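**Q** In my numbering, the protein residues as written are 136 to 496.
Glycine is no exception: its CB is placed at the ideal position from the N, C-alpha and C atoms.
Model, not experiment: these values are computed from the prediction.
1) Just tell me which of 424, 407, 173 has its CA closest to the CA of residue 488.
2) By a C-beta neighbour count over all protein chains shown, 10 Å radius and 16 as the cutoff for buried, is residue 373 buried or exposed?
3) Who are the near neighbours of residue 461 in its chain, counting only those whose CB is closer than 7 Å to its CB and skipping five residues on each side?
4) Identify every residue that forms a DSSP beta bridge with residue 478.
5) Grouping DSSP H, G and I as helix and E and B as strand, with all else coil, what is residue 148?
6) Kindly indicate which three-state DSSP category residue 444 falls into: helix, strand or coil?
7) Taking just the CA atoms, how far does residue 436 sit from residue 482?
8) Measuring alpha carbon to alpha carbon, tell me which of 299, 310, 485 ends up nearest residue 293.
9) For residue 296, I'd like the list of residues in its chain whose CB is within less than 7 Å of its CB, leaving aside the five on either flank, ordered along the chain.
10) In three-state DSSP terms, what is residue 464?
11) Could you say if the stretch 429-448 and the stretch 471-482 meet the contact criterion of at least three C-beta pairs nearer than 8 Å?
12) From the DSSP output, read off the bridge partner residues of residue 209.
13) Note down, in chain order, each residue of its chain lying with its Cβ closer than 7 Å to the Cβ of residue 493, except the 5 sequence neighbours on either side.
14) If I measure Cβ to Cβ from residue 458 and keep anything under 7 Å in the same chain, skipping five residues before and after, which residues do I get?
15) Please state whether DSSP places residue 483 in a helix, a strand or coil.
16) From what residue to what residue does the alpha helix (DSSP H) around residue 408 run?
17) Residue 147: which of 377, 299, 348, 465 sits nearest, CA to CA?
This is how it looks when you write it as structure tokens:
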């Protein structure tokens, strides 16, 4: 079975995914905050399932009947409109002979109307999403490694205590540290590095198991988080600053996306990123390590544009012409008129490509 797991972006949401990866070998993760992003991720799941099914049908080793999928949604409540849309899309796939199951496990009372309308929508406001997910999956599936139960049990109870705010619950103080760690671990941008951002947070969360049962473990873990972050990002905590470690980690990941993130302005080749923020150090490091690029552009969620160059391109002229901005030859800024916010990098790139094409027409 192929599992597609959508969850929230807080401690409880990532806790659900930490749990599910210990039950399923073939699992794909997605994360969303509330609002428009939920539908974007639901559509990504449905598209990926259809692409996966097509791939299996094209293989001589698979048949239509062998493709089975589970859409697992945790720690997110769906509105009636969102739930109806998901049900209708899955029904269409089922009529086409596709074996797709939905399971939504949540604890937010705001989803009560949807829970009453759909049998696959499970709501329990007395447990956090992580605990509901853990106990539900244990009833239906075996752990990949049964030994993991020894540390998963206390992890689940700790997250449950802090997420539903049981001050006398197990590991409550530890949970506050873990909650802060998740919310503040954004060294890898979620929109540019979706998988790596998630893996980074899950890796840090899993490290918590080594401190959870220690006396004053929350203090020891709190003291070690900065060092653990450096290690998780691939750096040497005793020889490198966090700024350098994070910058090199990001540039390494960006360099792997050169083909999909390349843009052109006249005879100049550029690199486009989305919502990286504070790109002065990052962009200069990227350009020095990737000399085939002449400039670097980052767009934020409000359509503000930051441009950097390394002596090979006048980005102040670019900014003035394209984004009603200006600045210096190697560092400028501007804003996109009529910018449309998106949670998908591809949408942002299409907007920039159109601007560049129009300017050169």
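**A** Answer, in terms of the structure:
1) 407
2) exposed
3) 451, 454, 455, 467
4) According to DSSP, residue 478 bridges with nothing at all.
5) helix
6) strand
7) 12 Å
8) 310
9) 304, 305, 306, 307, 310
10) coil
11) yes
12) 142, 240
13) none
14) 440, 469, 470, 471
15) helix
16) Run containing residue 408: none in the alpha helix (DSSP H); it sits in the beta strand (DSSP E), 403-409.
17) 299
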